Each structure stands twice: as C-alpha cells, then as structure tokens.
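**Student:** Its first residue numbered 38, the first sequence is counted upward by one per residue in this note's numbering. The following block contains the structure, expressed as structure tokens.
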Amino acid sequence: MSGISGVVEKMREGLRGALADALAAAVEAGQLPPVDMPDFVVEVPREREHGDFAANLAMLLPKQARMAPRKIAETLLENLPRGLRWLERVEVAGPGFINFHLDPRWVLEAVPLAVRQQADYGRVRLVDGKRVQVEFVSANPTGLLHMGNARGAALGDSIAAILDFAGWQVSREYYINDAGNQIKNFGLSLEARYFQLLGREGEVPEGGYHGQDIVDTVRHYIEQHGDKLLDADRRARLDTLVQYALAEKIGGIKKALAEFGVQYDVWFSEQSLHDTGKVDETLQQLRERGRLYERDGALWFKASDFGVEKDEVVVRKNGIPTYFAADIAYHRDKFERGFDRVINIWGADHHGHVPRMKGAMAALGYDSDALDVVIMQLVRLFRGGEIVRMSKRTGQFVTLEELMEEVGRDAARYFFVMRSADSHLDFDLDLARTQSNDNPVYYVQYAHARICSIFRQLAEQGRQMPDPAGVNLELLREEAELALARHLADFPEEVALAARQLAPHRIARYVHEVAGLLHSFYNVHRVITEDVELSNARLLLMEATRVVLRNALGLLGVSAPDKM
RNA sequence: GCGCCUGUAGCUCAGGGGAUAGAGCGCCGGCCUCCGGAGCCGGGUGCACAGGUUCGAUUCCUGUCAGGCGCACCA
38 MSGISGVVEK
48 MREGLRGALA
58 DALAAAVEAG
68 QLPPVDMPDF
78 VVEVPREREH
88 GDFAANLAML
98 LPKQARMAPR
108 KIAETLLENL
118 PRGLRWLERV
128 EVAGPGFINF
138 HLDPRWVLEA
148 VPLAVRQQAD
158 YGRVRLVDGK
168 RVQVEFVSAN
178 PTGLLHMGNA
188 RGAALGDSIA
198 AILDFAGWQV
208 SREYYINDAG
218 NQIKNFGLSL
228 EARYFQLLGR
238 EGEVPEGGYH
248 GQDIVDTVRH
258 YIEQHGDKLL
268 DADRRARLDT
278 LVQYALAEKI
288 GGIKKALAEF
298 GVQYDVWFSE
308 QSLHDTGKVD
318 ETLQQLRERG
328 RLYERDGALW
338 FKASDFGVEK
348 DEVVVRKNGI
358 PTYFAADIAY
368 HRDKFERGFD
378 RVINIWGADH
388 HGHVPRMKGA
398 MAALGYDSDA
408 LDVVIMQLVR
418 LFRGGEIVRM
428 SKRTGQFVTL
438 EELMEEVGRD
448 AARYFFVMRS
458 ADSHLDFDLD
468 LARTQSNDNP
478 VYYVQYAHAR
488 ICSIFRQLAE
498 QGRQMPDPAG
508 VNLELLREEA
518 ELALARHLAD
528 FPEEVALAAR
538 QLAPHRIARY
548 VHEVAGLLHS
558 FYNVHRVITE
568 DVELSNARLL
578 LMEATRVVLR
588 NALGLLGVSA
598 PDKM
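Written as structure tokens, this is what we have:
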C-alpha cells in the first residue's frame, strides 16, 4: 500500500521492510535457502495479546524453504535489524505468526499530525492526477425525488468526497433523462391536466404521470401564462408545457439536492446527445466495428460478443433510438472527456443493464474496467414499526424534501450511508428523528460538541490551547487515552479502504467508534485541571479528536456542530 | 427457467484468507458535590446447509435451500 501518510502505515511499512531485510540476511547467512519473496501481510491482530502487528511471512515459506513455519519464523527473528523505533519485543506465536509488540505510546504520533494537518488530516494519495467522474441520482425529471434517489444522492456524494480525499480529481454529474418515450408521456399527462384545469375533457394516459405534483406544475403554468395554449397547435402546446414543466421539475430537484448538501459539477442533458448527433455518431462507430446488425426491422447491438446473454435493440423498427443507444453515447462521451475512471451509482432494479453497458464500452474500444457501477439495494421506510409504502403510481410516496423536514439533513445523510450499498436499507424514521443516544448521528455529533464545549470552558478560564511543539504527549498513558489515539491514527487507512471499496459505510462505522472512545475517555478523565502539563497533553488529544470527527463527518455530508 | 444481490446475536447490521467473530438497538443491573447524563460501566446466545481449494475459510469456488431485484423495439 502506498500513498498513505498515516503513522500506522509508516509503522507497518517499517516492519515489512525489516522482515524483508531479515529474510535477505537469513538467506545470505545460509540459514535459509534462496526463496522468492512471497506476498505477505503485516496486519493488526484481533487479539491484543498477539501484539500490535503480526506478519504471516513465515507461514508462506515452508514449501519453498522445506522447513517448518515456526522454525522459519525463529530464523527471521534472529536476523531482524536492531533498533526499530518503538519496538519492545517480537515473538513467534501460533502456527508461525511473527508478533510485534510496541511501546503503547507509538500511537501518540498521530496527535500532532492531526492537529497540524487539520482539515487535511486523513487525506491520502492513492492516485496522482487521475480524474474520476461520479454520476448519481440521475432521476427522471418528471417527478420528485424519492427514497431510492435520496440514498443514491447520499451514497454518490459521499463516495465522491472520499475519492477526493484519497487523491482523485472528482467531478459529480447528473444525467437528465429529458428525451424519449417518457417525455412524450410526460407531455400527454401535462396536456390532460391542462385541459382538466381549464374545464375541458382530458385523460392522463396509461403509463402517464398521475402524481399531484404534475397537477401543481400545470397550475403554476396557468397562473403565469393563462389558457393561451387551449387552441394552439398541438405540437406547440406539448412542447411548451414540457419545456415549462421540465424547467420547474429540474429546478426543484436541484434545490432539494442542494438542501441535502449535494452540489453537482455538471448537469448533462440526454436530449443534447441527440441534438448534437452524438447518438448517431456512436451508432456509426459500432457499425464500423461490426457490432450492429438488423433483425425484424430493428437495429441490434451484439452484446452477446461480450458475454452478455442476449443482444439489445439500439434503434427501433420505427427508427427511433432506444434509451440504451443514448446511454452508450453518454458513456462514450464520458470517456471522450478524458476521465480515467467512471463510476455510476444505480439502483438494484438496473443491475441487468451493467453487463451490456460494459460490453458496449468494450465494443467502442474503451477499458470496461474503467467503468464501475455501484449497485445499491432498495430502501424500506419504517414508521411506528410499520413499513411506509411508496408508490409512484398513486402519487403517495415520501419525497426527499419530506424526509429532510421530518428527520433533518444530517440524520438522513448518515442513515443512508451507514449500511453498505449492497445491503437492503431499513430506514427507521422514528429513530432518525430521535434526539437521544439511540440515534447514532447525534451520538457522533455530540462527541464533537462536547470537545468544543471543553474549549469554550478553557477560554472562559482565560487559558489557551497549547502549542503542539511544547507539549509532552507521553504524559498520556491512560488506556482510554491511548485507545482513542490509536483510532485517530487509523483514519488515513480507513479513508484509503473506503475509497478502494467505494464504501462510505466504513467511515460511518469508524466515526461512530471514535465518538464512543471519546465519550469513554471523557467520562473517566478530566481535561482541564490544575496539572497544566497533563491538561495540555489532553487538550491536544481533544483537538486531534475534534479534527478527525469533523473530517470524517464531512466525508459523509454530515455537519459537526459546536453546540447542540 | 436464467442472471445479479443478500442469508452472521432476539432485531438492524460490520467483518480487505489468519490465531478466542464484533457494534448499535432491545432486555437486566450499576455510575452525576466533577469540562454538556444527547454520556459512561457491567451482563450473552450466532457465521442458512453440504462439498471443494488452502498450513489455515465467516471470508474464495461449486451445489442446495430461503428472501429481494432484474430478464421490453420501457427507462
């Protein structure tokens, strides 16, 4: 692992290097036969008694060396370089593990690092100068945002933030499906409501949009522009209504997402792909590469060339390209824009689309591994222990706005990312609204507010935060202090893991643990006391904790309040 | 029928091949002359099932069973 600057990684790499040296020395001395260096790990054992770090190197060598693993481990120990910082003792354990026991104060190095780096503490450099695009939500602009969209928003935004923290250059994008059949239906639905509101006959078509919000939008139009479309040319009437309604709907979506704390860099129109000829251009490329053929009057993409079960229509018998055709053009455009990596956040109901989209990218000559699709499972809302049903058809569903009104932005964001994407999410509205220790988001925020309160107390006593350079951190010897510092030291690695796995829930769990350790410490020890030296050391520990809580919450889009 | 996701504590969920599998909630019992009790401490049962790979499998592979979601000239 490279590009991680934390103290844990530093220690891990130091031990790894020492073991590699030991192996080389042992071979050199003839104590071991020449062997290939296996891909061994230096890990943090679950059990405290197994030391601070453990290596499995010796257990990977018996075949090559034709020696027992424990014997190999002993030999490695004899050849370990001397004078490794913080190292207290090394031992062979179990089937051949090499366990490293460190002076417990080694973790305190994380404290001044966090204090010094502030908002940058936890940043890692997994990549250098690489660009990634994260596309998420991309809900139809014909309605309101529901729970699935909301989860996508929280997940996508958090993944983007984590990737940014991990060294990627990130662009957040929303794909507006403002073309195709649904827009046609949208127009017919709007027209029907328009007629109805003005006393004429009108019926929302089968498969149209029946929601109350559509009625509201048409009413807004009438309030502003009256009934002048009643006798207009039908094409003009539909176009006008659609344009008006799209603008209003997209405006509403932007506003809701902004209130949710999500800011996009690009809003990309599907229609623009048709208008600029990019859909045709893409189809032409596929044709030139021999991946298209005609059957039953339609044009098909040979997805089966790429391990997909069946081929897919890209141009219908009536000559109109399918959504899939536009989507291929869209993804091609992403790569054309120079992104090194493209990530989509999709609902589970779209997972069947993944293989053929990857196939299409491969067909166009792009690396399909550069396209990652995060599939998130569906959300179930609970209130009073009962499932809250969502139905777009009947227009009865909880919108993002309603959710924020009910539980607040922070709770909503936290709840959506606290489970892994591929886990079904049971969202307990009652719990999210609770202002008590039962609610994990308050639990974490409270830890931050508590620290801020200590600092206010400090100021009231006319005292100041110490300069890190003049503080003796080794006064921190209590178990609660070292356990807390140990977790603060883990932050950069947690960020790296979350980034690699595209897994914000790791950060949610991590920050909850840090909060718990802070509370445990706080309950047993006082920060501000007559003992100025010790107070200063603890103040620095508190400041480092505050930095980590704030940065981690920031990655989740959750605020870190000074007071609650 | 085929494909994808998921089966871990009473409930909701974590667990990048390692040595005795964790957290929150719920339940029971404790802790405030003290920087914020929105807090802390203690108490316990579990990897769906069957094979395989491996020195070692909750983790990887195969199969079975169960739940969710897909399998349109919809998006």
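Even glycine gets a Cβ: it sits at the ideal position worked out from N, Cα and C. Note that the structure is a prediction, hence the values are computed from the model and not measured.
1) Quick one: what's got a C-beta closer than 8 Å to V72's C-beta in the same chain, skipping five residues either side?
2) Compare the C-alpha of P503 against each of R493, A574, L513 and name the closest.
3) Between the segment 533-543 and the segment 462-469, do at least 3 Cβ pairs fall closer than 8 Å?
4) Going by other Cβ atoms of all chains shown within 10 Å of its Cβ, with 16 needed for buried, is D404 buried or exposed?
5) Does the segment 505-524 come within contact of the segment 550-564, defined as at least 3 CB pairs closer than 8 Å?
6) Report the option in L512, L145, E50, G180 whose CA atom is closest to the CA atom of E285.
7) Would A91 and E84 be called neighbours here (beta carbons separated by less than 7 Å)?
8) Between the C-alpha atoms of A545 and I287, what's the straight-line distance to the nearest angstrom?
9) CA-CA distance, R587 and S596?
10) Specify the secondary structure class of R430 as computed by DSSP and reduced to three states.
11) What residues in its chain sit with their C-beta under 6 Å from that of E349, if we drop five residues either side in the sequence?
12) Is the beta carbon of L510 less than 7 Å from the beta carbon of V44?
13) Taking the straight line between their C-alpha atoms, what separation do you get for E373 and G204?
14) Going by beta-carbon coordinates alone, are R450 and A62 separated by less than 7 Å?
15) Going by beta-carbon coordinates alone, are G224 and L275 separated by less than 7 Å?
16) If we count Cβ pairs, one from each stretch, closer than 8 Å, do we get three or more for the segment 205-215 versus the segment 296-304?
17) Can you check DSSP and say which residues form a bridge with P358?
18) Taking the straight line between their C-alpha atoms, what separation do you get for Q482 and A397?
19) From what residue to what residue does the alpha helix (DSSP H) around H556 run?
20) Just to confirm the assignment: which complete beta strand (DSSP E) runs, minimum length 3, are found wholly within the segment 227-312?
21) Going straight from the alpha carbon of D165 to that of G131, what length do you get?
22) Can you grab the Cα-Cα spacing for the pair V603 / R326, in whole Å?
23) According to DSSP, Q170 sits in a beta bridge with which residue or residues?
24) Report, in whole angstroms, the separation of the C-beta atoms of N186 and L437, which I expect to be a contact under 8 Å.
25) Residue ranges of each alpha helix (DSSP H) run of no fewer than 4 residues wholly in the segment 127-157, ordered along the chain?
26) Thinking just about the alpha-carbon of each residue, which of S490, I109, D447, S572 is nearest to the one in T471?
27) Going along the chain, which residues of its own chain have a beta-carbon closer than 7 Å to the beta-carbon of V129, five neighbours each way excluded?
28) Hey, would you say I365 sits closer than 7 Å to D409, going by beta carbons?
29) Can the beta-carbon of G602 be found closer than 7 Å to that of R162?
30) Here's the rule: buried if 16 or more other CB atoms are within 10 angstroms of the residue's CB, otherwise exposed. What is D527?
31) State the Cα-Cα distance for the pair D312 and A216, rounded to the nearest angstrom.
32) Is it the case that the CB of R374 approaches a heavy atom of the ligand SAH more closely than 6 Å?
33) List the whole-angstrom C-beta distance separating P541 from V454, where the pair is believed to meet the contact cut-off of C-beta under 8 Å.
34) Output needed for A229: all residues of its chain with C-beta closer than 6 Å, excluding positions within five of it in sequence on either side, in chain order.
35) If you compare alpha carbons, which of D317, V416, R188, V411 is closest to G594?
36) Under the three-state reduction of DSSP, which class applies to G580: helix, strand or coil?
**Tutor:** Let me spell this out:
1) L60, V64, L98, Q101, A102
2) A574
3) no
4) exposed
5) Taking 8 Å as the limit for Cβ pairs, the verdict is that the segment 550-564 does touch the segment 505-524.
6) G180
7) In terms of Cβ geometry, A91 and E84 do not form a close pair [threshold 7 Å].
8) 30 Å
9) 8 Å
10) Because the pLDDT at R430 is just 43, under 50, the model does not fix this residue reliably, and the value given afterwards should be weighed accordingly. Correct three-state label for R430: coil.
11) F338, A340, F361, R393
12) The answer is no: Cβ separation not under 7 Å.
13) 22 Å
14) No; because the gap between Cβ atoms is not below 7 Å, this pair is not in contact.
15) yes
16) They touch, by the three-pair rule.
17) Answer is V352, bridged to P358.
18) 45 Å
19) 541-561
20) Unbroken beta strand (DSSP E) runs of no fewer than 3 residues, entirely contained in the segment 227-312, are found at 303-306, following chain order.
21) 40 Å
22) Here the chain has residues from 38 to 601 only, and residue 603 is not among them.
23) S208, V379
24) With a beta-carbon spacing of about 7 Å, N186 and L437 fall inside the 8 Å limit used to define contacts.
25) 147-154
26) D447
27) R107, A110, E111, L114, I135
28) no
29) A question about residue 602 goes unanswered here, because the residues of the chain that appear run from 38 up to 601.
30) buried
31) 10 Å
32) No copy of the ligand SAH occurs in the structure displayed, which carries no ligand at all.
33) 4 Å
34) Sequence-distant Cβ neighbours of A229 in its own chain, meaning closer than 6 Å and more than five residues away, are G239, E240, V241.
35) R188
36) With the sequence shown as reference, residue 580 is identified as Glu, and Gly is not the correct amino acid for it. DSSP places E580 in helix when its eight states are reduced to three.
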